[in-house]
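**Q**
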Amino acid sequence: MNPTGLLLATFILSIVGLFAFIWSLRKGLFDAESSGARTIFSAGEIGRTEEPAASSQQHQALQQVTDRSDARSSRRQEISAAELAVRAAADRSSAFPAYLLFACAVVWLIVGSAAGLVSSLKLHWPDLLTDTAWLSFGRLRAIHLNTVAYGWAPMGLLGLAMWMLPRLLKTPLLGGRLIILGAVIWNAGLIAGLGGIAVGINAGMEWLEIPWQIGGMFAVGGMLIGLPMAFMLPKRKVHHLYVSVWYIGAALFWFPTLYLVAKIPGLHFGMEMATMNWWFGHNVLGLFFTPLSIACVYYFLPKVIGRPVQSYNLSLLGFWTLAFFYGQVGAHHLIGGPIPEWLITLSIVQSVMMIIPVVAFSLNQHLTLQGHFGALKHSPTLRFIFFGAVMYTITSLQGSMEALRSLNAVTHFTHFTVAHAHLGMYGFVSMVIFGGVYFAMPRILDTPWPKQKLIALHFWLVVAGFAVYIVTLSIGGLLQGLVLLDPARQFMDSVAVTLPWLQGRSLGGALMTLGHLCFAAHVLLITLRSGLLTQPVRTTVHSPA
Ligand code: HEM
Ligand code: HEM
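Structural data, given as structure tokens:
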């Protein structure tokens, strides 16, 4: 078939799908009334803030912000005790599986940060740790990427998803043992995969380094973790599926599908393999990490401020446009590579179309928070979640520009891409996970966080470190790209020009790692305080306060 025709057909199909969707929204086919946005609240709860990570003073101040901004708040109404009891039962049912996933996430966060920091130091201190093969840059970098991409981020996000689902469906978690089994299989696969990378076993594709014989365990583990949702949906007590459920359900389905297709042995060869590599690479970002993180923002942000999301239809528009456009962006990683031009052009068009879901999401969060920005001062959860949501917007808009051939010619093969990667995987995904864990853990363990100051210290260390990381690496990457494009300059000039910026990145990374140590220590402290290690998990009925 004529490539231009194919390209045009795909584009037109997306646009027609989008307009059909907008039309159906206007006709109210998906959601006749915006009561969907209120699903996450119990009767009488709107106008009441829920922030388990806040101290009692912070909570009072947070409630005052909501009272001031929403005069018609129904705060004085009675909250349904029966509904709160259902929520407590929901929290109780997911407590252990969610805790297990969070605990794994924290361990991988520390291992991954250490590997990232040493890799970073090696880029400007090449003689560091050169005597041991597994500590060489090539292996350590892959260990860092796989630890954060298959350990920290998915364990944290799946833990949050499993914790939110019973609340969102107002029904206890079913099949918790499958989640535990899935987590064990997934983590066993990761340990084996990392061990393999350390001794030099590597499938040779970024994001897919772990050979299929081991990597298959991620797909099996992911499927087992996703199954309970299928059991719970028919038993749900809510009429409406809140938008977070759509995102979680889609991500749980997409991950095993993507991984299985990418890893089928003997199917992909040569350039087609590279194309598939980046089809997987960006889809795992856009159709797994992103929807799970967005699901968290859509739950925690309105919950903390006690106000339903501003435009429920906009949130559904965001979901469907993400589903329509993300699937074909992968080839923007291969701009300039020996693959058909039409495929690359298609990926660029879809990358730019991504502006629609991104703006829909950002606008919605902004409108929801309007009048409640003061809450950021008093809610530790909201600070992390809001920071993550803003970084999602920035990363994605930057990504849409970075996909244009003119800019990509400068940034490809440079540290600028790595800065963008951390803007998304750290600024967005990781910050949302931190915020979600701060909210969920006190409910899971039925104990408040022991040291409020440690949460603030964690926030400021990682924000400062992240800022240094992104600014230095983006500047260094752009300078590197400009030198690489200059035929009058030697290749070594492009290396030398990055040195001060790489040192800056190590400083930023060290601050982030310090922040992670605070977080891990705090998780350990709250666990010890709860007595989890000595007695069974219990969860009592909570008022939203
Ligand atoms: C509209 C949305 C986005 C677009 C159009 C986009 C576009 C891009 C482009 C063009 C590249 C550079 C490819 C290259 O020159 O090698 C890239 C790399 C990357 N992006 Fe995005 N991006 C978007 C959102 C995100 C988000 C939300 C995340 C994180 C969750 C993310 C994570 C990454 C990562 C990790 C890489 C580096 C991959 C690698 O080389 O290992 N991006 N993106
Ligand atoms: C814990 C959250 C983190 C996440 C989710 C994360 C994610 C990533 C990703 C996706 C990549 C691949 C980028 C690409 O190929 O374009 C990467 C590479 C890298 N990361 Fe991280 N990272 C994290 C923390 C850190 C920290 C704390 C450091 C410390 C400096 C660090 C240093 C590095 C280095 C040196 C690379 C390799 C860059 C290169 O090859 O030029 N990362 N990280």
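Using UniProt numbering, the first residue of the sequence shown is number 1, and each one after it goes up by one. Positions of the beta carbon are idealized from the N, C-alpha and C atoms, including for glycine. It should be emphasised that the depicted structure is a prediction, and the values quoted were computed from it without experimental measurement.
#1: Quick one: residues in its chain with C-beta nearer than 6 Å to the C-beta of K235, no 5 flanking neighbours on either side, listed in chain order?
#2: Please report how far the alpha carbon of V537 lies from the alpha carbon of A161, in whole angstroms.
#3: Alpha carbon to alpha carbon, how far is L407 from M401?
#4: Using 8 Å as the threshold, is the region 366–384 in touch with the region 49–62, meaning 3 or more CB pairs across them?
#5: For residue 594, count neighbouring Cβ atoms within 10 angstroms of its own Cβ and tell me buried if that reaches 16, exposed if not.
#6: Does the distance between the C-beta of L208 and the nearest non-hydrogen atom of ligand 1 fall short of 7 Å?
#7: Relative to ligand 1, is the shortest distance from any of its heavy atoms to the C-beta of L317 smaller than 7 Å?
#8: Heavy atom of ligand 2 less than 7 Å from the Cβ of H372, yes or no?
#9: Does the distance from the C-beta atom of P291 to that of T321 stay below 8 Å?
#10: Helix, strand or coil for P500? Go by DSSP, reduced to three states.
#11: Whole angstroms is fine: what's the gap from H522's alpha carbon to F300's?
#12: Does the count of Cβ pairs from the region 113–126 and the region 135–151 closer than 8 Å reach three?
#13: From G159, I444 and H333, pick the residue whose C-alpha is nearest to that of P228; which is it?
#14: When we look at the beta-carbon of Q365 and count the other beta-carbons within 10 Å, is it buried (16 or more) or exposed?
#15: Could I get the ranges of all uninterrupted alpha helix (DSSP H) runs contained in the region 416–495, with 4 residues as the minimum, in chain order?
#16: Note down the Cα distance separating L169 from D493, rounded to an integer number of angstroms.
#17: Smallest Cα separation from T527: which of S35, F41, F96 and S80?
#18: So the candidates are L267, R505, G477 and F439; which of them puts its Cα closest to the Cα of V468?
#19: Just reading off the alpha helix (DSSP H) that V390 is part of, what are its end residues?
#20: Taking just the CA atoms, how far does I15 sit from E341?
#21: May I ask whether a heavy atom of ligand 1 can be found less than 7 Å away from the beta carbon of N283?
#22: Distance, Cα to Cα, S94 vs A88?
#23: For R529, count the other beta carbons within 10 Å of its own beta carbon; 16 or more makes it buried, fewer makes it exposed. Which is it?
#24: Of all the options A90, A149, V245 and E206, which has the alpha carbon lying nearest to the alpha carbon of G36?
#25: For the pair the region 386–398 and the region 242–261, tell me if three or more CB-CB distances fall below 8 Å.
#26: Report the three-state DSSP secondary structure of A203 (helix, strand or coil).
#27: If you run the structure through DSSP and keep just helix, strand and coil, what is W212?
#28: Return helix, strand or coil for T411, following the three-state DSSP convention.
#29: Between P211 and G196, which are expected to be in contact by the criterion C-beta below 8 Å, what is the C-beta distance as a whole number of angstroms?
#30: Going straight from the alpha carbon of A323 to that of I344, what length do you get?
#31: Provide the residue span of the alpha helix (DSSP H) that contains M354, from first to last.
#32: Check whether the region 476–487 touches the region 427–436, taking contact to mean three or more Cβ pairs, one atom from each stretch, closer than 8 Å.
#33: Roughly how many angstroms separate the alpha carbons of N277 and W207, rounded to a whole number?
#34: If G47 and D70 are in contact, beta carbons under 8 Å, what's the gap, nearest whole angstrom?
#35: I'd like to know whether the C-beta atoms of T498 and G476 end up nearer to each other than 8 Å.
#36: Sorted by chain position, which residues of the same chain lie with C-beta nearer than 7 Å to N187's C-beta, five sequence neighbours on each side aside?
**A** According to the structure data:
#1: T171
#2: Low confidence applies here, because V537 scores a pLDDT of 49, under 50, leaving its location unreliable; read the following figure in that light. So the two alpha carbons sit approximately 19 Å from each other.
#3: 7 Å
#4: yes
#5: With the chain running from 1 to 545 in the structure shown, residue 594 is simply not present.
#6: no
#7: no
#8: no
#9: no
#10: helix
#11: 21 Å
#12: yes
#13: G159
#14: buried
#15: 431–445 and 452–485
#16: 58 Å
#17: F96
#18: R505
#19: P380 to E402
#20: 21 Å
#21: no
#22: 10 Å
#23: exposed
#24: V245
#25: no
#26: coil
#27: helix
#28: helix
#29: 7 Å
#30: 19 Å
#31: Counting along the chain, M354 falls outside any alpha helix (DSSP H), and DSSP gives it neither H nor E.
#32: no
#33: 8 Å
#34: 6 Å
#35: yes
#36: C104
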